[in-house]
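No gaps in the numbering here: position 244 of the sequence shown is 244 in the UniProt record's numbering, and each next residue is one more.
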Amino acid sequence: MNRTWWKEAVVYQVYWRSFLDANGDGIGDLEGLMLKLDYIKSLGIDVIWLNPIYESPDKDNGYDIADYYRIMAKAGTMEQFKQLLDKVHELGMKLIMDLVVNHTSEQHAWFEESRSSVDNPKRDWYIWKPGKPDGPPNNWRSYFEPSTWTYDERTGEYYFHSFAKEQPDLNWENPELREEIYRMMRFWLDQGIDGFRMDVINLLAKLEGFPDAEHPENIDYLGNNPGIHEYLQEMNREVLQHYDIMTVGEIPFVTPEDGLLYVGDNRKELHTLFHFQVADDMPTWDLTRYKEIQESWYEAFRHEGWNSQFLNNHDHTRQVSRYGNDGQYRVESAKQLATMIHTLPGTPYVFQGEEIGMTGVRFSSIDEYHDIAMKNKYKEEIGKGRAPDEVLHSLQPLSRDNSRTPMQWDSSKHAGFTEGQPWMQVNPNYEEINVERDLAAQDSIFAYYQQLIALRKTHAVMVYGDYRDQSTGEEHVYAYSRSLEGETWLVILNHSDREQSYRLPASFADRTTNARLVIGNLDRSTSDEVRNGTVRLRPYEAL
Ligand code: ISL
Ligand code: CA
């Protein structure tokens, strides 16, 4: 078994603008992150994923880059970035950056040139088309707008954007553009970063001819198009293979079989990926569906390729609210979801605040929200004549802002996130849910994450072990085993607010497979429950 650092790593995602504000302007920054590296290290984290810090007008919170070589002033300076990277390495951790090369900001110098005239040398660095007599070149929807096309007066043509009109897509068919991207990637890798999380990397190749879609509302025509693997294999040849790094592709709308084409061992493309099948297929918790998704991805990746395990990030609402129980059983539910994410096959990701069970939020007016995806959707729906309150309530549960409220450090004003006015309101429950409180408690969620990550670090079976679903039909119980070189672990999860029981499979009950039944972190394999073959699970208990 060849051991690989990024397969054994646990990754912590820092949405820096909501992490810690050190200079009092109400926005998190690199200086604030540096003050909390020991905290992240104490959790047992190996790799930090830092959301974009490059120069940006911030229409999409840094995912609209105006200069790849400068640090956005809100975040700090290049000097502070280098200090941050050195401190991360001194602590024995690694840092991966966000690579956003499907599109830039409309304020990028390249786009300013490209839009200036039809024969500008950089015209072809973006995607321009004349419209049809009655409108845009085709009927495609974008992630954030009713159309992927915006008309530009200056040259009388439309430009293409998979996201907001402020985020024009780069034209990856242009070899000069690709060379420029590879040069930029080398610049950051030569600074010593340890890899990239690659933003919507499967969208780089566009559908030939941009034909009208039969069902434009189903926007999967934006990704996984012919040509994408040639681009990634070239990126690998030109850049990635020359560094000892970790590359994780964000790949929406992909099936397990197609996912393997991006990360298969001999594909020479990427190391691993995030897919969103859980988020796309499960607006709320559906254990049966979750097991099916885990099974299909495990089967596809059984012999090669590497998966990720996560339930929340800066784009998806907080897991304990969306998939667990953020009321009476918040603590149990947070621990139980964490057990699942850290014992299923693949690299586990911890999104900042998840380790103390932070929850989603409900602001009372659209003006308190910032997410461009939500605000554009709100405008679009109101435009159809729907009642504002009804639209607001329909968008709140899945708003990306649920995960973007400031990190809750303590019970002081603004949860210790800032001395100034926070750029986004702190979740009102910060007095009850905060780091200081969890660090002081024995059985806190934070302490449980520490144990889980430590457990995982000392047992290779959690990383490299086979996976087998051991569920026996109980509707709310998810049980599975991980086995490696004779060692077998059985994980049993109760996804409900009621007590459940689970009959141990014969191979465990008679303990011939030297099975260990770990309850939380208490080894109950000698308990009488195991002897008579049935285990009782408390509400949201993770075993
Ligand atoms: O949350 C979503 C839409 O509301 C996701 O589908 C998300 O837009 C998609 O997964 C792509 O996300 C990435 O690219 C976007 C950026 O807004 C996201 O923050 C980033 O994670 C455009 O760069
Ligand atoms: Ca700040």
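Beta carbons: idealized from backbone N, C-alpha and C, even for Gly.
(request) Could you check how far apart the C-beta atoms of Ser162 and Tyr143 are, in whole angstroms? I think they sit under 8 Å. (result) In the sequence shown, the residue the question calls residue 162 occupies position 162. In the sequence shown, the residue the question calls residue 143 occupies position 143. Ser162 to Tyr143, Cβ: 6 Å. Contact.
(message) What I want to know is whether the C-beta of Ile27 ends up closer than 7 Å to one or more non-hydrogen atoms of ligand 2.
(response) Here residue 27 is taken as the residue at index 27 of the sequence shown, counted from 1. Remark: the C-beta of Ile27 is in contact range of ligand 2, defined as less than 7 Å to any heavy atom.
(request) Under 7 Å Cβ to Cβ from Asn236, same chain only, skipping five residues before and after it: list those, please. (result) Walking along the sequence shown from the start, residue 236 turns up at place 236. Exclusion of the five residues before and after Asn236 leaves Lys268 and Glu269 as the residues of its chain whose Cβ lies within less than 7 Å of its Cβ.
(message) For a test of the three-state rule: what should DSSP assign to Ala9, helix, strand or coil?
(response) Taking the sequence shown and counting its residues from 1, one reaches residue 9 at position 9. Coil at Ala9, not helix or strand.
(message) Using only CA atoms, which one of Pro422, Ser481, Pro348 and Arg456 lies nearest to Trp49?
(response) Residue numbering aside, residue 49 sits at position 49 when the sequence shown is read from its first letter. Comparing Cα-Cα distances from Trp49 to each of Pro422, Ser481, Pro348 and Arg456, the minimum goes to Pro348.
(message) Just to confirm the assignment, what range does the beta strand (DSSP E) spanning Glu157 have?
(response) Here residue 157 is taken as the residue at index 157 of the sequence shown, counted from 1. That run of the beta strand (DSSP E) goes Glu157 to Phe160.
(message) Using the Cβ count rule (16 or more neighbours within 10 Å means buried), how would you classify Asp523?
(response) Position 523 of the sequence shown, counted from the start, is the residue given in the question as residue 523. The predicted position of Asp523 is uncertain, since its pLDDT is 46 and thus under 50; a value taken from the coordinates is nonetheless stated next. Within a 10 Å sphere around the beta-carbon of Asp523 sit fewer than 16 other beta-carbons, which makes this residue exposed.
(request) Leaving aside the five residues before and after Thr150 along the sequence, list all residues of the same chain whose C-beta is less than 7 Å from its C-beta, in chain order. (result) Walking along the sequence shown from the start, residue 150 turns up at place 150. Residues of the same chain with a CB within less than 7 Å of the CB of Thr150, apart from the 5 flanking positions on each side, are Tyr158, Tyr159, His161 and Lys165 in chain order.
(request) Using only the heavy atoms of ligand 2, determine whether one of them is closer than 7 Å to the beta carbon of Ala164. (result) Numbered from its first residue, the sequence shown carries residue 164 at position 164. Ala164: no, Cβ never under 7 Å from ligand 2.
(message) So, does the stretch 377-392 touch the stretch 37-47, judging by three or more C-beta pairs under 8 Å?
(response) No, the stretch 377-392 does not touch the stretch 37-47.
(message) According to DSSP, simplified to helix, strand and coil, what is Ser412?
(response) Your numbering for residue 412 matches position 412 in the sequence shown. Assignment of Ser412 by DSSP, reduced to helix, strand and coil, places it in the coil class.
(request) Taking all protein chains shown into account, decide if Tyr369 is buried (16 or more other Cβ within 10 angstroms of its Cβ) or exposed. (result) Stepping through the sequence shown from its first residue, residue 369 is reached at position 369. Its Cβ being crowded by 16 or more others within 10 Å, Tyr369 is buried.
(request) My understanding is that Ser394 touches Asp371, with C-beta atoms under 8 Å, so please give their C-beta distance in whole angstroms. (result) Numbered from 1 along the sequence shown, position 394 holds the residue referred to as residue 394. Numbered from 1 along the sequence shown, position 371 holds the residue referred to as residue 371. Contact between Ser394 and Asp371 does not hold, since the beta-carbon distance rounds to 14 Å and is not under 8 Å.
(message) Does Leu281 pass the burial test, meaning 16 or more other C-beta atoms within 10 Å, or should it be called exposed?
(response) One-based indexing of the sequence shown puts residue 281 at position 281. Looking at the sequence itself, residue 281 is Asp, so the reference to Leu does not match. Exposed: under 16 other Cβ atoms inside 10 Å.
(request) Kindly list the residues whose CB is nearer than 8 Å to the CB of Glu436, restricted to its own chain and excluding five residues on each side of it in sequence; keep chain order. (result) In the sequence shown, the residue the question calls residue 436 occupies position 436. Only Trp409, Asp410, Ser411 and Gly416 meet the Cβ criterion.
(request) Using the Cα positions of Asp25 and Thr418, report the straight-line distance between them to the nearest angstrom. (result) For this step, residue 25 is matched to residue 25 along the sequence shown. For this step, residue 418 is matched to residue 418 along the sequence shown. C-alpha separation (whole angstroms): 8 Å.
(request) Answer with buried or exposed for Ala109, where buried requires no fewer than 16 other C-beta atoms within 10 angstroms of its C-beta. (result) Here residue 109 corresponds to residue number 109 of the sequence shown, with the count starting at 1. By the beta-carbon neighbour count (other beta carbons within 10 angstroms, threshold 16), Ala109 is exposed.
(request) Assign Arg365 to one of two classes, buried (16 or more other C-beta atoms within 10 Å of its C-beta) or exposed (fewer than that). (result) As a working note, residue 365 is residue 365 in the sequence shown. In the sequence on display, residue 365 carries Ser and not Arg. So Ser365 ends up on the exposed side.
(request) Return the bridge partner residues of His103 from the DSSP annotation. (result) By one-based count along the sequence shown, residue 103 stands at place 103. Looking at the DSSP assignment, His103 forms a beta bridge with Asp169.
(request) Grab me the residues of Glu8's own chain with a C-beta within less than 7 Å of its C-beta, minus the 5 sequence neighbours each way, in chain order. (result) For this step, residue 8 is matched to residue 8 along the sequence shown. Within the same chain, Cβ atoms closer than 7 Å to the Cβ of Glu8 are found at Val463, the five residues on either side in sequence being excluded.
(request) Decide if the stretch 108-127 is in contact with the stretch 74-84; the criterion is three or more beta carbon pairs, one per stretch, under 8 Å apart. (result) The count of Cβ pairs closer than 8 Å, one atom from the stretch 108-127 and one from the stretch 74-84, stays below three, leaving the stretches out of contact.
(request) Give the straight-line distance between the Cα atoms of Arg330 and Thr359, rounded to the nearest whole angstrom. (result) Locating residue 330 in the sequence shown gives position 330, where the first residue counts as 1. Locating residue 359 in the sequence shown gives position 359, where the first residue counts as 1. Cα to Cα, the separation comes out at about 9 Å.
(message) Once the 5 residues before and after Lys59 are set aside, which same chain residues still bring their CB inside 8 Å of it?
(response) Within the sequence shown, residue 59 is the residue found at index 59, counting from 1. Beyond the five residues adjoining it in sequence on each side, Lys59 comes within less than 8 Å, by CB distance, of Ser105, Ala164, Glu166, Gln167 and Ile372 in the same chain, given in chain order.
(request) With a threshold of 16 other CB atoms inside 10 Å of the CB of Leu84, please say whether the residue is buried or exposed. (result) Here residue 84 refers to the residue found at position 84 of the sequence shown. With 16 or more neighbouring CB atoms inside 10 Å of its own CB, Leu84 falls in the buried class.
(message) For ligand 2, I want to know if Asp58 counts as a neighbour, meaning its beta carbon is within less than 7 Å of at least one of the ligand's heavy atoms.
(response) Working through the sequence shown from its first residue, we reach residue 58 at position 58. No, ligand 2 has no heavy atom inside 7 Å of this Cβ.
(request) Give me the Cα-Cα distance between Ile251 and Ile228, rounded to the nearest whole angstrom. (result) Counting from 1 along the sequence shown, the entry for residue 251 is found at position 251. Counting from 1 along the sequence shown, the entry for residue 228 is found at position 228. Their backbone Cα atoms lie some 12 Å apart in a straight line.
(message) Let me make sure I understand the geometry here. Which of Phe111, Tyr15, Val10 and Trp6 has the alpha-carbon closest to that of Ser403?
(response) As a first step, residue 403 must be located in the sequence shown, where it is residue number 403. Across the set Phe111, Tyr15, Val10 and Trp6, the C-alpha of Tyr15 shows the shortest separation from the C-alpha of Ser403.
(message) Does the beta-carbon of Arg400, which I'm using as the reference point, lie nearer than 7 Å to any heavy atom of ligand 1?
(response) Reading the sequence shown from its first residue, position 400 is the one you call residue 400. Result yes, Cβ under 7 Å from ligand 1.
(message) Considering only the alpha carbon of each residue, which of Glu304, Ile65 and Arg178 lies closest to His271?
(response) What you label residue 271 is simply residue 271 of the sequence shown in a count that begins at 1. If you compare the alpha carbons of Glu304, Ile65 and Arg178 with that of His271, the shortest gap goes to Glu304.
(message) I need the DSSP call for Ala506, collapsed to helix, strand or coil.
(response) As a first step, residue 506 is located in the sequence shown; it is residue number 506 there, counting from the start. Assigned with DSSP and collapsed to three states, Ala506 falls in helix.
(message) Does the beta-carbon of Ala73, which I'm using as the reference point, lie nearer than 7 Å to any heavy atom of ligand 2?
(response) Taking the first residue of the sequence shown as 1, we reach residue 73 at position 73. Not a single heavy atom of ligand 2 lies less than 7 Å from the C-beta of Ala73.
(request) Could you check if Ser501 is buried or exposed, using at least 16 other CB atoms within 10 Å of its CB as the buried criterion? (result) Against the sequence shown, residue 501 aligns to sequence position 501. Exposed: under 16 other Cβ atoms inside 10 Å.
(message) Across the stretch 317-328 and the stretch 454-469, are there enough close Cβ pairs to call them in contact, namely three or more that are closer than 8 Å?
(response) Under the 8 Å Cβ criterion, the stretch 317-328 does not count as touching the stretch 454-469, having fewer than three qualifying pairs.
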